[in-house]
Amino acid sequence: MAQYRRGRLAPTPTGFLHVGHARTFAVAASRAGSAGLVLRIEDLDRPRCREEFCEAAIEDLRWLGLAWTEGPDIGGPHASYRQSGRTAWYLEIWRRLEAAGVIYPSPHSRRDVDEAATAPHEPMPEEANAIAGADAHAEPIFPTSLRPAAWDRAAAPGNVAWRFRVPDGRTIEFDDALAGRVRRTAGVDFGDFVVWRRDDLPAYELAVVADDHAMEIAEVVRGEDLLTSTARQLLLYEALGWAAPAFCHVPLVRDAAGRRLAKRTGGLAIRDLRARGFSPTDIL
Ligand code: GLU
Numbered sequence: 177m178a179q180y181r182r183g184r185l186a187p188t189p190t191g192f193l194h195v196g197h198a199r200t201f202a203v204a205a206s207r208a209g210s211a212g213l214v215l216r217i218e219d220l221d222r223p224r225c226r227e228e229f230c231e232a233a234i235e236d237l238r239w240l241g242l243a244w245t246e247g248p249d250i251g252g253p254h255a256s257y258r259q260s261g262r263t264a265w266y267l268e269i270w271r272r273l274e275a276a277g278v279i280y281p282s283p284h285s286r287r288d289v290d291e292a293a294t295a296p297h298e299p300m301p302e303e304a305n306a307i308a309g310a311d312a313h314a315e316p317i318f319p320t321s322l323r324p325a326a327w328d329r330a331a332a333p334g335n336v337a338w339r340f341r342v343p344d345g346r347t348i349e350f351d352d353a354l355a356g357r358v359r360r361t362a363g364v365d366f367g368d369f370v371v372w373r374r375d376d377l378p379a380y381e382l383a384v385v386a387d388d389h390a391m392e393i394a395e396v397v398r399g400e401d402l403l404t405s406t407a408r409q410l411l412l413y414e415a416l417g418w419a420a421p422a423f424c425h426v427p428l429v430r431d432a433a434g435r436r437l438a439k440r441t442g443g444l445a446i447r448d449l450r451a452r453g454f455s456p457t458d459i460l
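Terminal number for the sequence shown in this note's numbering: 460, no gaps in between.
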C-alpha cells in the first residue's frame with residue numbers, strides 16, 4: 177500500500193514548463209495522493225520571473241490533470257503561496273540563523289571566489305549516487321580562507337551576502353526514495369553557501385527550507401539536479417532545530433543529445449506539445 181505524504185509542486189516562473197517538469201510534478205502528485213499537495217510559486221528572482229509564466233504554469237498543470245489542495249489560485253491557510261509574498265518569514269529565519277552564529281556576512285565578489293576557489297568534487301561514474309548531469313546549484317567551493325575571523329552582529333542582512341558555514345569534512349547522508357542512499361561531504365562536494373543575497377533577497381536554500389517547514393511538507397519531490405542542495409538544506413534543518421522531510425529526487429528528462437531540458441525546451445514545452453495535438457496522457 178502506498179503511503180501518501182503531504183507534498184508540494186514548486187515551479188519557478190522563468191519559462192514555460194516542459195516534459196521534465198511534467199514528470200517531476202506528476203510523481204509529486206501521485207506520491208502526495210490524498211495527503212495534500214501545495215502549489216508554491218518560487219518567484220524570488222524578480223528580474224527573471226514573469227507573471228505570464230506563472231499563469232502559464234498553473235494552466236499547464238491543470239491541463240495535465242494535476243490537482244493541488246492549496247495554492248495561489250485557490251488559497252489555503254498560508255497568507256501567500258508565492259515566495260515573493262513571504263519575505264517577512266525568510267527574514268525571521270535569517271534572524272534565527274544569525275543569532276545561532278552559523279551564518280556570516282560575505283562581501284566577496286564572485287570574482288574573488290572564482291580566483292580562490294577549487295572546483296567541486298565531481299562524482300566518478302562508478303561512485304554510488306553519481307549524479308547524471310549538472311547540479312542545478314553547482315558553484316565553486318567557497319574557499320575557507322575567505323571566511324571572516326570575526327564580524328559584527330547585524331539586525332538586518334543589509335547589502336551583503338550571508339553564507340552558512342559548513343562543517344568541513346562532515347558527510348551528510350540521507351535515504352532518497354528514488355536515488356537511494358545519498359552522501360555528500362561538506363567542504364568537498366559543496367562549500368559555504370549563500371543564504372541571503374547581496375541584493376537583499378533570500379537565497380533558494382533558505383527560502384525552500386523555510387517554506388517546506390512552514391507548509392508542513394512531509395516529502396519533497398524534485399529533480400535530481402538538486403541532490404547536493406538537499407545536503408545543504410539538511411544542515412539548515414539541523415541548525416534551525418527542525419525535523420527534515422523525506423526526499424524523492426526524480427531523474428531529469430534529457431533531449432536527444434543528452435542535455436537536460438532547460439529554458440531551451442527544444443519543442444518539449446507542455447504547451448507546444450499540446451498545440452501539436454498531444455494529450456495529457458501522451459505526455460505523462
Ligand atoms: N523551484 C525550483 C525549481 O523549479 C524547485 C525547488 C525545489 O523543488 O526545491 O527548480
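Each residue gets a CB set at the ideal place from its N, CA and C atoms; glycine is no exception.
Report the partner residues of His254 according to the DSSP bridge assignment.
The count along the sequence shown starts at 1 and reaches residue 254 at position 78. Answer is none; His254 lacks a bridge partner.
So Phe340 and Phe369 are supposed to be a Cβ contact under 8 Å. How far apart are they, rounded?
Taking the sequence shown and counting its residues from 1, the one referred to as residue 340 is at position 164. Taking the sequence shown and counting its residues from 1, the one referred to as residue 369 is at position 193. Going by Cβ atoms, the distance from Phe340 to Phe369 rounds to 6 Å, so yes, they are a contact pair.
Mark Phe318 as exposed unless 16 or more other C-beta atoms lie within 10 angstroms of its C-beta, in which case mark it buried.
As a working note, residue 318 is residue 142 in the sequence shown. Phe318 comes out buried.
For Ala330 and Leu193, what's the separation of their Cα atoms in angstroms?
In the sequence shown, counting from the first residue as 1, residue 330 sits at position 154. In the sequence shown, counting from the first residue as 1, residue 193 sits at position 17. Taking the straight line from one Cα to the other gives about 39 Å.
Residues near Tyr204 in its chain [Cβ-Cβ closer than 6 Å; skip 5 each side]:
Translated into positions along the sequence shown, residue 204 becomes position 28. Sequence inspection shows Ala at residue 204; the Tyr mentioned does not correspond to that position. Excluding residues within five positions, the ones whose Cβ falls inside 6 Å are Gly183, Leu185 and Val397.
Output the boundary residues of the beta strand (DSSP E) element that contains Cys230.
On the sequence shown, position 54 is the one that residue 230 refers to. No beta strand (DSSP E) contains Cys230, which is instead part of the alpha helix (DSSP H) from Glu227 to Leu240.
So, does the CB of Gly241 fall closer than 9 Å to a CB anywhere in chain B?
Chain labels in this structure do not include chain B; a single protein chain is all it has.
To the nearest angstrom, how far is it from the Cα of Pro301 to the Cα of Thr320?
Taking the sequence shown and counting its residues from 1, the one referred to as residue 301 is at position 125. Taking the sequence shown and counting its residues from 1, the one referred to as residue 320 is at position 144. Because the pLDDT at Pro301 is just 36, under 50, the model does not fix this residue reliably, and the point stays unresolved.
For the ligand GLU, list every residue whose C-beta falls under 5 Å from any of its heavy atoms, going in chain order.
Chain-ordered, the residues whose CB falls short of 5 Å from any heavy atom of the ligand GLU come out as Ala186, Thr188, Glu218, Val384 and Arg398.
Does the segment 431-449 come close enough to the segment 404-421 to have 3 or more Cβ pairs within less than 8 Å?
The segment 431-449 and the segment 404-421 do not touch, with fewer than 3 CB-CB distances between them shorter than 8 Å.
When the Cα atoms are used, what is the spatial distance from Gly241 to Pro343?
Residue 241 sits at position 65 when you count from the first residue of the sequence shown. Residue 343 sits at position 167 when you count from the first residue of the sequence shown. Their backbone Cα atoms lie some 43 Å apart in a straight line.
Within 10 angstroms of the Cβ of Gln179, are there 16 or more other Cβ atoms? Answer buried if so, exposed if not.
In the sequence shown, the residue the question calls residue 179 occupies position 3. Exposed: under 16 other Cβ atoms inside 10 Å.
Option nearest Ala420 by Cα separation, candidates Arg271, Gly196 and Asp387
By one-based count along the sequence shown, residue 420 stands at place 244. Out of Arg271, Gly196 and Asp387, Asp387 has the C-alpha closest to the C-alpha of Ala420.
Kindly indicate which three-state DSSP category Gly261 falls into: helix, strand or coil?
Locating residue 261 in the sequence shown gives position 85, counting from the first residue. Note: Gly261 maps to helix in three-state DSSP.
Indicate the three-state DSSP secondary structure (helix, strand or coil) for Ser467 in the structure shown.
Residue 467 falls outside the range modelled here, since the chain spans only 177 to 460, and no answer is possible.
Would you kindly check if the distance between the Cβ of Gly261 and the Cβ of Val214 is under 9 Å?
Along the sequence shown, one-based indexing puts residue 214 at 38. Along the sequence shown, one-based indexing puts residue 261 at 85. In this structure, Gly261 does not lie closer than 9 Å to Val214 by Cβ.
Does DSSP put Pro378 in a helix, a strand or coil?
Translated into positions along the sequence shown, residue 378 becomes position 202. Here Pro378 sits in strand by DSSP.
For Asn208, I'd like the list of residues in its chain whose CB is within less than 7 Å of its CB, leaving aside the five on either flank, ordered along the chain.
On the sequence shown, residue 208 is found 32 positions in, with the first residue counted as 1. The sequence given here has Ala at residue 208, not Asn. The residues are Tyr180, Arg181, Arg182 and Gly183.
Quick one, which of Val278, Phe201 and Ala394 has its alpha-carbon nearest Leu382's?
Taking the first residue of the sequence shown as 1, we reach residue 382 at position 206. Taking only the C-alpha atoms, the option nearest Leu382 is Val278.
Enumerate in chain order the residues of its own chain whose CB-to-CB distance from Ala422 is below 6 Å, with the five nearest sequence positions on each side excluded.
In the sequence shown, the residue the question calls residue 422 occupies position 246. Once the five neighbours on either side are set aside, the close Cβ partners of Ala422 are Glu395.
Among Arg222, Asp401, Gly252 and Arg447, which one has its Cα closest to the Cα of Val429?
Walking along the sequence shown from the start, residue 429 turns up at place 253. Answer by Cα proximity: Asp401.
Closest to Thr361 by CA distance: which of Asp352, Ile348 and Leu354 is it?
On the sequence shown, position 185 is the one that residue 361 refers to. Closest option to Thr361, Cα to Cα, is Ile348.
Grouping DSSP H, G and I as helix and E and B as strand, with all else coil, what is Leu185?
For the purposes of this step, residue 185 is taken as residue 9 along the sequence shown, with counting starting at 1. Three-state DSSP puts Leu185 in a strand.
So which of Cys225, Thr200 and Arg238 has the shortest CA-CA distance to Arg447?
On the sequence shown, position 271 is the one that residue 447 refers to. Measuring from the Cα of Arg447, the nearest candidate turns out to be Arg238.
Could you check what DSSP says for Ala304 in three-state terms: helix, strand or coil?
Your numbering for residue 304 matches position 128 in the sequence shown. Per-residue confidence for Ala304 stands at a pLDDT of 31, beneath the threshold of 50, marking its modelled position as unreliable; no derived number is given.
If you reduce the DSSP assignment to three classes, tell me which class Thr190 lands in.
Numbered from its first residue, the sequence shown carries residue 190 at position 14. Here Thr190 sits in coil by DSSP.
Is DSSP giving Asp351 helix, strand or coil here?
Taking the first residue of the sequence shown as 1, we reach residue 351 at position 175. Reduced to three states, the DSSP call for Asp351 is strand.
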